[in-house]
Structures are given as structure tokens and as C-alpha cells.
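> For reference, the structure I am asking about is given below.
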Amino acid sequence: MPSDTAPASLAPAPPHTDEALLSALRSDLESAPYTTDAVGELLGELASEALSRENPIPARRVLAGDDGPTATLLSLFTLGAVLPREQVSRALPSLGIDGAIDLGLLAAVDADATTMRACLDLSTYTASDDAGEVRWWIASDLSELATGQPLVPDHVLGVGGASLTLARITPREAVGRVLDVGCGGGIQAMHASRHAREVVATDLSERALAFAAFNAALNGIDLDLRQGSLLEPVAGEVFDLVVSNPPFVITPRGDGFATWTYRDGGRAGDVLTAELLAALPEHVAPGGRAVMLSNWEIAEGPDPDWQAHPQAWLAPVREAGLDAWVIQRESEDCAQYAETWARDGGVTVRDAAWDTLQEAWLDDFAARGTAAIGFGYILLHRPESARPEDAEVICEDARGRGSGTLGEHLGASLVAIDRLARLSDQELLDSRPVRAEDLVERRFLTPGEYDPMLIELVQGAGFARVQRADQLTAGVVGALEGTLTLGQIIGAVCALTDEDEPSARERLLPTMRELIRTGMVTL
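All residue numbers for the sequence shown refer to the UniProt record's numbering, where the first residue is 1 and numbers rise by one.
This is how it looks when you write it as C-alpha cells:
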């Protein structure tokens, strides 16, 4: 984007941490009340949904004339309203105006300080995990919605869609040490604190770390925050869980185009993810996992292979003995990608910079022969005894979404991948698998015909996968109740159907491994 669209530094200084002042702020936010439920009840469904789409007008209409504490705090910290000092003071009776200024929350608009404005966004946040419900407040830089101005280069994001996705897909078993790489405002590290003994969070941005420190302190969470690029601040350390939403957005390089630290890692193409994956294995403890978001370029060609870049990235991971699982959730062509991230930077088709930016993005992709970009998740697991010859690298295009907790599903699948890699065919035949409770069978029949033209096994949870099956497979899966071994069940079904048992075993075993890996069947 032309540099004049993103001011070099217009954002106020990041917030400060002072326990006495933060205690007073917590008291005010609780008594207002300034919570997700209270805000939702005040706005109503229509205004809440519009605000999630960055349309503030319905919310402003609802809040017009309401000088209560909940409305005041929402107008101030989310909508960027300029409000009378007296009204703001009533919403923050314990902290007071001076305390809010000292924390970096507020600034006076005029010389007499009769009107006040927010220096940051302070939003409510609610989530649930195995330990119960969390109700936090998350500070970040004010959005374009609040300021009416382009984002500054070191803008610190609040909790967006990518943050929520990573939080949902992260397994939440109790662990010792967790690392959050590129922590931003700290939301992943805060979630990790709920199930970890120690949480280390790194970021290159000093501003982001200041927000993370503020958010942790405001919500009573202890984090070890370190400044530096990617894994540099944790050299020589290992962790039971690594999470990362790195700045992976592919951006044209060159002078005259602004970048934002929250999304741009300063590399050409998708190289940043390759660098991170190459260095990750030495930081994952035995039995440990890594979970991250990323995107990857898909090269032009008659039969584009979306797996090419992830497979190349994961070669050193496999050599280190770690299992890897890449899940492509969506893809965009180059024009769609350029449009998405131009709009994310505040440029629309009506702006003068639009054409220049689109040309630069498409030229950048064309220089590398890129046809499309895939988005998704990358998960790693280091077995207790990691051996390169046993390591699995699986690339899967899975775009569905079932019920249940995705993080729990992914964690179970990582365990299954590890176990299957070390399970011989005979051991699998001797096991007693159980079909998952959410698995259903779907049959398609031509009217008047008895034999189905198509049988599908449909997963209710996880990625809602659909696996085609023949009569033999459906019969075997239907009998998986944990009482008989897989070999016994195959033998019984073959006896009923006159199938050749050795041939049936050879055909079924790869299918059973796939069903176990995807969670449709459990060991």
C-alpha cells in the first residue's frame, strides 16, 4: 500500500501496569457491569451483529442518550466516542479520570479536559474450556471503526477471527510449559495459563508485549513475556505445547508500501512459515505438540498441488522424528487474496491506492508462479521416542465443521497418528476398535432397489468428514463395539458375505487406519 495511507506513528503510547490502578479498574468494570453478557443485552442482536461486521451505526443509535456506565464504556472504548468528563468519571468511580490517564486508557480532548477520548480499545471477552468459563477484558489499539484513520504500522490487534480459531483448535490437556510465538496482545498465552504451569510468550513488537503485559495483569494472569523474533528469545528451551499465529500474510516487498507487524513477517512469499517450522522441532519436548495457523502458495500448473510447499517445509520436521499434520481449510486465487488483505489494510475499490496495490500483489505472485493460496492449520507432535523412520506427515483438505470441541478432536487425532505409526497390521487386527458415537451411516438407494448405490460414513464431530464405504467396510464398522477383535469381526463378516478373508483384510486395513486417524473409529 502506498506509504501515505498508513501514518508512521499516530497511536498513543501503550498502556501501563500499576496494580493499585488495575485493581480499581477491575472494580469499575465489574460494577458497571462491562461484560460480554451486559454489552450484548444492552445492544440487542441487530446492533451486536452489525458491530461484529464493523458497522457501528446501529450500536450508536442504541447508545444515543444513554449515559449509564455500560453504555459509556462501550461508546468510549469500542466506538471511539468523545464524551463529557463528568460522564466518564461516573463510569470509572474507583479509578477516576486521573487514574485512567495514568494507565494510558484516556486522554483529554481539549485544554480544559472537559471532554475525554479513549487511547485504546478495551473489549469484553468470554470463552469456555475444561476449567470453566473465562470472563476477561482485552486491550488493543483502537480500530479504524473507532478512529476513522488507517492503522499504524505497529498496530496491536484485539481478538479477531484468527485468534479465535487458534484458541479453538489448541488441545487443552494439562501441561508443564507452553510457548506462544508472536503473542500480540496475549490472548493465546492467557488461554494457555488455564492449563499450564508456566507460559512464555514472545513477540518482536515492544508495543504488542506492552499490551500483553497489561492484559495479563488486568486479568490476574502471570506470563513470562520476552521480546525477539520468533524463537530467538527461547534458545535452548523446550516446551510441552507451542502455539503460534505468526505474521504469515504474503505481502509485496519494496519501498513505498506500508506493512503491519501483526500480519507481515518481512519475508518474501510464504518463507516465514518455513523458517519457523525448521526451527520448531528442537523446542518441542518429548510428548509435546505445536499448533499454528498459516497460509501457503500453490504453484501454477495443469494439476496444482497445494501440498507441495507444506511437504517441503516439513522435511526437517520429519527428519527430527516429529509427526506433522497439515489441514487446508480454504483457498483463494491470487486476486481474491489481494482483495482480502487490501481491505484488511483499510483500502477499498473506491480508493486511489486500490489499483496500485492490486497490481503490486499480482505482480508479486506472478514472479513466483503462484496460482492460489491455501489457508489452514499445522500441527506437530513429538512422540516420547521420536524416530524419523516412524514419523508421519499427513496433508489433508478438510473444510467441514462438525459439533464438539475441535481442539479435543485434533489432540486425539495426533495421539492416533503416533499410535498407528507404531502399530503393525497384526496388532491392529488383534485390537478391539470402537466406532465413534457421532458416526452415522448414510445409504443412497434407487427406488425399488435393495442394494445401495452409495454408502457413506458421516462424522458428526471434528471436520464432519464423509468417507465412502462398500458393503464390507460398512458391515465391519457397524460391528465395532469393543468386544471382538478387528480380525474376528472381519472373519465373521466375510463368512456372511462369502468374501475372501485374506483379500478383505488387505483391502480393509488401510481404510481402518484412516478411520482411526480421523476419529471415526477409536482404539
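Glycine included, C-beta positions come from ideal geometry on N, C-alpha and C.
This structure is a prediction, so every number in the text was calculated from the model and none was measured.
Could you compute how far the alpha carbon of Gly104 sits from the alpha carbon of Glu19?
14 Å
> With Asn215 as the anchor, note down where its alpha helix (DSSP H) starts and where it stops.
206-218
> Do Ala167 and Ile138 come within 8 Å of each other at the CB atom, strictly closer than that value?
no
> With DSSP as the reference, please indicate the residues paired to Cys395 in a beta bridge.
Val326
> With distances taken from CA atoms, which of Arg60, His16, Ala342, Gly266 is nearest Thr356?
Nearest C-alpha to Thr356: Ala342.
> Determine whether the beta carbon atoms of Leu218 and Leu25 lie at a separation below 8 Å.
yes
> How is the alpha helix (DSSP H) around Glu319 delimited, first residue to last?
Taken as a continuous stretch (DSSP letters only), the alpha helix (DSSP H) holding Glu319 covers 315-319.
> Please state the DSSP three-state secondary structure of Gly96.
DSSP places Gly96 within a helical segment (H, G or I) once states are collapsed to three.
> Would you check if the segment 372-391 and the segment 331-348 touch, i.e. whether three or more CB-CB distances between them fall below 8 Å?
Touching, yes, given that three or more Cβ pairs across the two stretches are closer than 8 Å.
> Counting only the same chain and skipping the five closest in sequence on each side, list residues whose C-beta sits under 6 Å from that of Thr36.
Thr124, Thr126
> By DSSP, does Ala8 sit in helix, in strand, or in coil?
Confidence is the limiting factor: at Ala8 the pLDDT is only 37, short of 50, which leaves the residue's position unreliable, though a coordinate-based value still follows. Correct three-state label for Ala8: coil.
> What number of angstroms, rounded off, separates the C-alpha of Gly99 from the C-alpha of Arg368?
53 Å
> Could you name the residues of the same chain whose beta carbon sits closer than 8 Å to that of Ile97, not counting the 5 residues immediately before and after it, in chain order?
Arg85, Val88, Ser89, Leu106, Ala113, Met116
> Just the Cα atoms here: how many angstroms apart are Arg443 and Ile455?
5 Å
> Starting from the C-beta of Gly411, find all residues in its chain whose C-beta is less than 6 Å away, skip the five residues before and the five after it, and write them out in chain order.
Pro171
> To the nearest angstrom, report how far apart Thr251 and Pro12 are at their CA atoms.
26 Å
> Please state whether the Cβ-Cβ distance between Gly269 and Pro246 is less than 8 Å.
no
> From Glu384, Gly448, Val466, pick the residue whose C-alpha is nearest to that of Gly402; which is it?
Val466
> Taking a contact to mean a Cβ-Cβ separation below 8 Å, would you say Leu46 touches Arg60 in this structure?
No.
> Drop a sphere of 10 angstroms on the beta-carbon of Asp323, count the other beta-carbons inside from all chains shown, and report buried for 16 or more, exposed for fewer.
buried
> Examine chain C for any beta-carbon lying closer than 8 Å to the beta-carbon of Asp305, and answer yes or no.
You won't find chain C in this structure, because it holds only one protein chain.
> Count the other CB atoms, across all protein chains shown, that sit within 10 Å of the CB of Pro15; report buried if there are 16 or more and exposed otherwise.
buried
> Could you check what DSSP says for His155 in three-state terms: helix, strand or coil?
coil
> Pick from Gly404, Cys395, Ala162: whose alpha carbon is nearest that of Cys183?
Ranking the options by Cα distance to Cys183, first place goes to Ala162.
> If you run the structure through DSSP and keep just helix, strand and coil, what is Phe77?
Looking at Phe77 - three-state DSSP - the assignment turns out to be helix.
> Below 8 Å, can you find three or more Cβ-Cβ pairs linking the segment 477-491 to the segment 501-517?
yes
> Taking the alpha helix (DSSP H) that Leu21 falls in, what are its first and last residues?
19-31
> Excluding five sequence neighbours on each side, which residues of the same chain lie with their C-beta closer than 8 Å to the C-beta of Arg517?
Ile394, Ser413, Ala416, Ile417, Leu420, listed in sequence order.
> Do the segment 226-239 and the segment 199-214 touch if we need at least three Cβ pairs shorter than 8 Å?
yes
> Quick one: residues in its chain with C-beta nearer than 7 Å to the C-beta of Ser9, no 5 flanking neighbours on either side, listed in chain order?
The pLDDT assigned to Ser9 is 42, lower than 50, so where the model puts this residue is not dependable; a value taken from the coordinates is nonetheless given after this. Hits under 7 Å: Val152.
> One question on the structure: do Leu439 and Met520 come within less than 8 Å of each other, judged by their Cβ atoms?
yes
> Does the distance from the CB of Gly321 to the CB of Arg387 come in under 8 Å?
yes
> Do Val283 and Glu319 have their C-beta atoms closer together than 8 Å?
According to the sequence shown, residue 283 is His rather than Val. Going by C-beta atoms, His283 is not nearer than 8 Å to Glu319.
> Quick check on this structure: which residue in Ser503, Tyr377, Pro281, Tyr337 has the alpha carbon closest to the alpha carbon of Gln307?
For Gln307, the closest of Ser503, Tyr377, Pro281, Tyr337 by C-alpha to C-alpha distance is Tyr377.
> Give a yes or no on whether the C-beta atoms belonging to Thr409 and Ala461 are separated by under 8 Å.
One detail in the question is off: residue 409 reads as His in this sequence, not Thr. The answer is yes: Cβ separation under 8 Å.
> Mind checking whether Leu164 and Ser140 have CB atoms under 8 Å apart?
no
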